[in-house]
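Protein chains: 4
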Amino acid sequence: MNDQTPNDQTSAPRSGGPADPAAIADLVAANRILADQGVLDGYGHVSIRHPGAADRYFLSRSRSPAVITAEDIMEFDLNSNPVDRQGRLMYIERFIHGEIYKARPDVNAVVHSHSPAVIPFGVSTVKLRPICHMSAFLKNDVPNFEIRDCDGMTDLLIRNAKHGAGLARTLGGSNMALMRGHGNVCVGPDIVTTVYRAIYTEVNARLQAQAIALGGPINFMAPEECDLITGRRDVHYQRPWEMWKSRIAIP
Amino acid sequence: MNDQTPNDQTSAPRSGGPADPAAIADLVAANRILADQGVLDGYGHVSIRHPGAADRYFLSRSRSPAVITAEDIMEFDLNSNPVDRQGRLMYIERFIHGEIYKARPDVNAVVHSHSPAVIPFGVSTVKLRPICHMSAFLKNDVPNFEIRDCDGMTDLLIRNAKHGAGLARTLGGSNMALMRGHGNVCVGPDIVTTVYRAIYTEVNARLQAQAIALGGPINFMAPEECDLITGRRDVHYQRPWEMWKSRIAIP
Amino acid sequence: MNDQTPNDQTSAPRSGGPADPAAIADLVAANRILADQGVLDGYGHVSIRHPGAADRYFLSRSRSPAVITAEDIMEFDLNSNPVDRQGRLMYIERFIHGEIYKARPDVNAVVHSHSPAVIPFGVSTVKLRPICHMSAFLKNDVPNFEIRDCDGMTDLLIRNAKHGAGLARTLGGSNMALMRGHGNVCVGPDIVTTVYRAIYTEVNARLQAQAIALGGPINFMAPEECDLITGRRDVHYQRPWEMWKSRIAIP
Amino acid sequence: MNDQTPNDQTSAPRSGGPADPAAIADLVAANRILADQGVLDGYGHVSIRHPGAADRYFLSRSRSPAVITAEDIMEFDLNSNPVDRQGRLMYIERFIHGEIYKARPDVNAVVHSHSPAVIPFGVSTVKLRPICHMSAFLKNDVPNFEIRDCDGMTDLLIRNAKHGAGLARTLGGSNMALMRGHGNVCVGPDIVTTVYRAIYTEVNARLQAQAIALGGPINFMAPEECDLITGRRDVHYQRPWEMWKSRIAIP
Numbered sequence: 003m004n005d006q007t008p009n010d011q012t013s014a015p016r017s018g019g020p021a022d023p024a025a026i027a028d029l030v031a032a033n034r035i036l037a038d039q040g041v042l043d044g045y046g047h048v049s050i051r052h053p054g055a056a057d058r059y060f061l062s063r064s065r066s067p068a069v070i071t072a073e074d075i076m077e078f079d080l081n082s083n084p085v086d087r088q089g090r091l092m093y094i095e096r097f098i099h100g101e102i103y104k105a106r107p108d109v110n111a112v113v114h115s116h117s118p119a120v121i122p123f124g125v126s127t128v129k130l131r132p133i134c135h136m137s138a139f140l141k142n143d144v145p146n147f148e149i150r151d152c153d154g155m156t157d158l159l160i161r162n163a164k165h166g167a168g169l170a171r172t173l174g175g176s177n178m179a180l181m182r183g184h185g186n187v188c189v190g191p192d193i194v195t196t197v198y199r200a201i202y203t204e205v206n207a208r209l210q211a212q213a214i215a216l217g218g219p220i221n222f223m224a225p226e227e228c229d230l231i232t233g234r235r236d237v238h239y240q241r242p243w244e245m246w247k248s249r250i251a252i253p
Numbered sequence: 003m004n005d006q007t008p009n010d011q012t013s014a015p016r017s018g019g020p021a022d023p024a025a026i027a028d029l030v031a032a033n034r035i036l037a038d039q040g041v042l043d044g045y046g047h048v049s050i051r052h053p054g055a056a057d058r059y060f061l062s063r064s065r066s067p068a069v070i071t072a073e074d075i076m077e078f079d080l081n082s083n084p085v086d087r088q089g090r091l092m093y094i095e096r097f098i099h100g101e102i103y104k105a106r107p108d109v110n111a112v113v114h115s116h117s118p119a120v121i122p123f124g125v126s127t128v129k130l131r132p133i134c135h136m137s138a139f140l141k142n143d144v145p146n147f148e149i150r151d152c153d154g155m156t157d158l159l160i161r162n163a164k165h166g167a168g169l170a171r172t173l174g175g176s177n178m179a180l181m182r183g184h185g186n187v188c189v190g191p192d193i194v195t196t197v198y199r200a201i202y203t204e205v206n207a208r209l210q211a212q213a214i215a216l217g218g219p220i221n222f223m224a225p226e227e228c229d230l231i232t233g234r235r236d237v238h239y240q241r242p243w244e245m246w247k248s249r250i251a252i253p
Numbered sequence: 003m004n005d006q007t008p009n010d011q012t013s014a015p016r017s018g019g020p021a022d023p024a025a026i027a028d029l030v031a032a033n034r035i036l037a038d039q040g041v042l043d044g045y046g047h048v049s050i051r052h053p054g055a056a057d058r059y060f061l062s063r064s065r066s067p068a069v070i071t072a073e074d075i076m077e078f079d080l081n082s083n084p085v086d087r088q089g090r091l092m093y094i095e096r097f098i099h100g101e102i103y104k105a106r107p108d109v110n111a112v113v114h115s116h117s118p119a120v121i122p123f124g125v126s127t128v129k130l131r132p133i134c135h136m137s138a139f140l141k142n143d144v145p146n147f148e149i150r151d152c153d154g155m156t157d158l159l160i161r162n163a164k165h166g167a168g169l170a171r172t173l174g175g176s177n178m179a180l181m182r183g184h185g186n187v188c189v190g191p192d193i194v195t196t197v198y199r200a201i202y203t204e205v206n207a208r209l210q211a212q213a214i215a216l217g218g219p220i221n222f223m224a225p226e227e228c229d230l231i232t233g234r235r236d237v238h239y240q241r242p243w244e245m246w247k248s249r250i251a252i253p
Numbered sequence: 003m004n005d006q007t008p009n010d011q012t013s014a015p016r017s018g019g020p021a022d023p024a025a026i027a028d029l030v031a032a033n034r035i036l037a038d039q040g041v042l043d044g045y046g047h048v049s050i051r052h053p054g055a056a057d058r059y060f061l062s063r064s065r066s067p068a069v070i071t072a073e074d075i076m077e078f079d080l081n082s083n084p085v086d087r088q089g090r091l092m093y094i095e096r097f098i099h100g101e102i103y104k105a106r107p108d109v110n111a112v113v114h115s116h117s118p119a120v121i122p123f124g125v126s127t128v129k130l131r132p133i134c135h136m137s138a139f140l141k142n143d144v145p146n147f148e149i150r151d152c153d154g155m156t157d158l159l160i161r162n163a164k165h166g167a168g169l170a171r172t173l174g175g176s177n178m179a180l181m182r183g184h185g186n187v188c189v190g191p192d193i194v195t196t197v198y199r200a201i202y203t204e205v206n207a208r209l210q211a212q213a214i215a216l217g218g219p220i221n222f223m224a225p226e227e228c229d230l231i232t233g234r235r236d237v238h239y240q241r242p243w244e245m246w247k248s249r250i251a252i253p
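Residue numbers (the working numbering), protein chains in the order written: chain A, 3 to 253; chain B, 3 to 253; chain C, 3 to 253; chain D, 3 to 253.
See the structure below:
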C-alpha cells in the first residue's frame, strides 16, 4: 500500500477501543509543547501507543504540531493503516511510529523532529554524547540512521514499512536515533518522558556544540553516572511538564 | 527613469486587471510571516506575479514587511513602473522583482531579504550547500551576485534595470542567489513555495554554520537525493503555511 | 533522613516566625524572573534566608520556577528539614541551600540553575572569567564542584548534607560555583543581588564564548578593576530589577 | 561636582526652553525600541540634544530603558548638571552624553549600550568592520575606548567629565566607539538614525562573528562602497522605525 492509498472500508483495521480523552489531551499538548520549545517546526510528529490496545497507536492527521487539536488525532494499526480515515491527509512518515511500536514493546510514545541543534550531529563525524545530567538518557551510543544503507538514494522520507523497520533496527534499544540529513526520533515509555527526552536532546546538542567551540577537551558524563541517573526511581518529569503546559494554549 | 520619478499619467502602464483578493491576502501574509520568522527585518520585500497578467507584478509600497496591509500593495509592469502610484514611496529595489519576472517565466513569487544567517555565506568562500532534506532546493550551486562585476563600486542597492538584470543573470535557473554584502533573493512558482524556500534557506545557513563549528567533515546531501526531493509530487507546503499564518495578525 | 522522609510532627523544626510577605513576594518574583530570563529552565530553584531567623530559609516546594506562587513557599531549617511539610513534594536538592547558609553567614539568597551558556564551562578546561564590568563579581577564580571528589560515581544530584557541604566547601567565599555536568550555584547578600549575579553569570558565559570564537587573545577584566567594581557603594540593582519584574506575571 | 550631588537651586542651569513633546515621545520610544531589539538590557541609556538649545540635552532619570516614560525625561546642561532635579536619581554615566555633545556639534542623539554581540569585539584584537551595506556607517575604523589610558584602574564607569571627554576624544569623528570591557556608544544627527546605528552595529557584530566562524577569508565592504552608502540622499530610516515602534507599548 502506498502513502495515501484510499482506505477501503473492508480492509480498514478495527479500532482498539475508545480513546482515553486524557491520553489524547496529553498527546495534543505534547505536540504544542514541542513546537513552543523549538523542537518541532512546521513538520515533525508525535504519537502514543493506544493505552488499551498494544497493536494500535494514535497520531494526528497531517498538520503542523503547533495547531493540532483532539479532532485531528487518528488511530492506526502497527502497519500504519488508518482505522477511520475520513479522507484526511496522513503523515507520509507515519511508518516511523508503527514500525518502532512493533520493534519496541517497551515504547509507548514516539517523537520525530527536525530539532535544529541536533541535525548538525547527524551529518558530522562528531558523536552526540551526554554533557550534563539532564541528557544522561542519551547514554554513550547514539545511533545514526543512514537511509542509503536501507534503500539507496531516496528523498530521505520514511515512506513505508521497509524504511520504518530500518530506522527501528538502527534505533535498537536506544532512547534516541539521529536520522542523517533529516532529523531524529526519540522514544520512551510514556508521553511525558518522551517529550522530556526530545527537549533535552536538543538542549544537549546545543550545549555540546558550545563546549566544543570553547576548545579543549570536554569532560563528558561517565557511563556509570548515566546509568545511575537513568536508573533513578524518583525522577520527576511532571515538574517541567506542568510548566511547559502552562505556556501553551489548550485548544 | 530614476528611482522615484513622478509618474506621468500619460506614461503609466495599464493595469493587468483587478487583483485577486485571495492572492493579495497571501502576499500580505507572506510579508508578515517572513518578518515573524526572522527572515525579513525592517527591510526586504516580497512580490507575486499578477495571476491574471504575466507582464505585471504586485509589490507593497515602501514599508516594513511586518506592518504591510492590502492597501499598501501596488501593481507594476516588468520595467517596475507603477500602474497607479498615488504619490506613494516605492521600494528603490523593486527592479529585483521586475527583472527576475522578465528572465524567469516559471517564477511567480520573489522574496528579497537580509536573512541574517545567510549573509555570512555571501561574504565567505565557504559554499552554502543543502545539509538536510528540507533545503534540498538549494541544490549544489548557489550563485553569489557580485554587484561590482555589474556596475563597479556602488551602494549595493539594485537601483535600476541594469542591476536587476545582472542579478537575474547570476540567479540563472536557481531557486536562490546570494547577494554579496547585502542579502539574498529566493524565487518560486508560487508564494507559499517561495516563503518556504526563504525560511529554509535561513535554516540551512544556520545549521550548516553549526555543522562547520563542530569540526570535521560534513556529510552533505547527495545531488541525486536533492533531485528526488525536489522532484516530489506530494510535497505539502500548506502544512507549515497554516501554522506560520496562525502566528501572525491578519490586518 | 533521606530525601522525602515523612515529616513526623514531633521532629519537625520550629518556625523562625511569620514570613515577611514582601520577602516572600520577592522570592516568588525571583523565580519567575529567572525563568523569563532563560537562566532557570523547568528545573533549578531559588531560596532566601529567613529575614527574622538566621537558622531558617524559604524555598518553594518542588515546582518549576516559572509557575511558583507564594502558597508554594516552604520554610526549612539549615539541615533542610521542612517546618510544616503538609505532604508537599520537596526539591531533592534543597541541601544546596541549607548547607550554603550554614557555611556562609554573609549569604542570604541562593540560586541553583542549569543556566545553559554556563554548563559548557563546567565541563571544559577553559576558565570562566569576567569579560565585562557587569560580571566583575565572578572575580578571577570561579570554582568547579566535582561531585566525584565528594562521593564517587553518583547521579550528580545534591541529595544530602554531605553533598551540600561538599558544594559549599568548593564554593568557599566565591559568589558563584560551577557544578560539573550539572549547572551552577550563585549566592549573594540579598535576593536582588543574587538574581543579578545569576543573570550576568549567564551573560558573561555567552559573551566569553563569543569572544573565544572570534579567535585571538581576550582582554579580560583586571583583578583591580573587578575589586573596584565589586567595592562600589553606589551599585543599583533596583534599576534592572524593576524592568525584570515588569516582564513577568505576578501571581 | 560628584555623581549625585544635591542640586542647589542657585547653581542649577537654566532650561533651554520647553521640551518639544514629539521629540520627547521619540526619545521614550527609542529607549523602548532598543530594549525590545535586544540592544539595551537593564542598563544603557539614550539622549537627544535639546532641539531648541544646543547647550542642553534630554536624558531619562536612572531607570531601565524598557520602562521609561515621558515623565522620567530630565534636562541637562553639557556639563551634565540637571536643570530641575526634583530629587531624582540620575544615570552615573550621563557624562557620556554631555561630553559628546560638547565635542560633536553635528551629533544630536547618543546611545550608550551593553549591546551583547559587540562586547566581544571590545575585548578582542579582531577589528569590527562592516560586513554588509546596512552597517556601512561603521566605516573602516571603529575606535575602542580604553579607560585605563584615561584614568588608570577604575570601575569602568564614565563617572565624570574627564572620562566622558576621554571617550569623546576616542570617538573622534566616528559614528560608533567600542568601550573595552563595557559596551559601546553610537551617535548620529537625529534619534532615528542613531537608533538605526545602534541596532545595526549589534547586527553587524553578530554577522561578522558568524562569518569568522565559517572559516576562510571574509569579503568586507570596500571603503568606497561604504562612502557611497553613507553618502546616500535617499536613505529611509522611517521604514524600520515605523515597524520598531509598532512592536512596543507606547506609555
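Backbone N, C-alpha and C define an ideal beta-carbon position, used for all residues, glycine too.
At a Cβ-Cβ threshold of 8 Å, D157 of chain D and R234 of chain C count as neighbours. Contact annotation: M76 of chain D and R65 of chain D have beta-carbon atoms that are not nearer than 8 Å. Of all residues in the stretch 135-157 of chain B, those with a C-beta nearer than 7 Å to a C-beta of chain D are M155, T156, D157, reading in chain order. DSSP assignment within the stretch 31-87 of chain A yields the following whole beta strand (DSSP E) runs of 3 residues or more, N-terminal first: 47-51, 58-62, 75-79.
Here the alpha carbons of V41 of chain A and R34 of chain A stand approximately 10 Å from one another. At least one beta carbon of chain C lies nearer than 8 Å to the beta carbon of L230 of chain A. Take the alpha-carbon of R241 of chain A and the one of A207 of chain D: they are about 38 Å apart.
With 16 or more other Cβ atoms from the protein chains shown falling within 10 Å of its own Cβ, M136 of chain A counts as buried. Contact between the stretch 181-200 of chain D and the stretch 142-158 of chain D is present, with at least three C-beta pairs closer than 8 Å. Of the candidates D:D43, D:I98, D:I70, D:I70 places its Cα closest to the Cα of A27 of chain D.
In this structure, DSSP gives M136 of chain A a helical state, which the three-state scheme calls helix. Excluding five sequence positions before and after F123 of chain B, the CB atoms of its chain that fall closer than 7 Å to its own CB belong to L130, L180, A207, given in chain order. In this structure the stretch 98-110 of chain C lies against the stretch 160-180 of chain C, because at least three pairs of beta carbons, one per stretch, are closer than 8 Å. For H114 of chain A and P132 of chain C, the gap between their C-alpha atoms comes out near 40 Å. By the neighbour-count criterion, in which a residue is buried when 16 or more other Cβ atoms sit within 10 angstroms of its Cβ, Q88 of chain C is exposed.
Looking at the backbone, the Cα of M155 of chain D and that of V128 of chain A are separated by about 44 Å. Less than 8 Å separates the beta-carbon of P15 of chain D from that of V85 of chain D. Around G218 of chain A, the beta-carbon contacts reaching into chain C at under 8 Å are S126, T127, V128. Proximity of G183 of chain D to chain C, defined by a Cβ-Cβ separation below 8 Å, is satisfied.
Fully contained in the stretch 163-214 of chain B are the following alpha helix (DSSP H) runs of length 4 or more, in chain order: 163-173. At a cut-off of 8 Å between C-beta atoms, L209 of chain C counts as an interface residue with respect to chain D.
If you check the CB distance, D192 of chain A and A111 of chain A come in under 8 Å.
Counting the other Cβ atoms within 10 Å of the Cβ of P23 of chain A gives fewer than 16, which makes it exposed. Between the alpha carbons of V30 of chain B and W246 of chain B lies a distance of about 13 Å. Taking 8 Å as the CB threshold, N221 of chain C lines the interface with chain D. Residues of chain C whose Cβ lies closer than 8 Å to the Cβ of I214 of chain D are, in chain order, A215, L216, G217. Under DSSP, F147 of chain A takes part in a beta bridge, and its partners are A:M181.
Below the 9 Å Cβ cutoff, chain C contributes no neighbours of I250 of chain D, its closest Cβ being approximately 13 Å away. A straight line joining the alpha-carbon of E226 of chain A with that of G54 of chain C spans about 44 Å. Leaving aside the five residues that flank G174 of chain A on each side, the residues in its chain whose CB is nearer than 7 Å to its CB run, in chain order, P145. Against chain D, the beta carbon of R65 of chain B has neighbours under 9 Å at R241, E244, M245, listed in chain order.
A direct Cα-Cα distance of roughly 11 Å separates V197 of chain D from E204 of chain D. By the 16-neighbour rule on beta-carbons within 10 angstroms, R249 of chain B is exposed.
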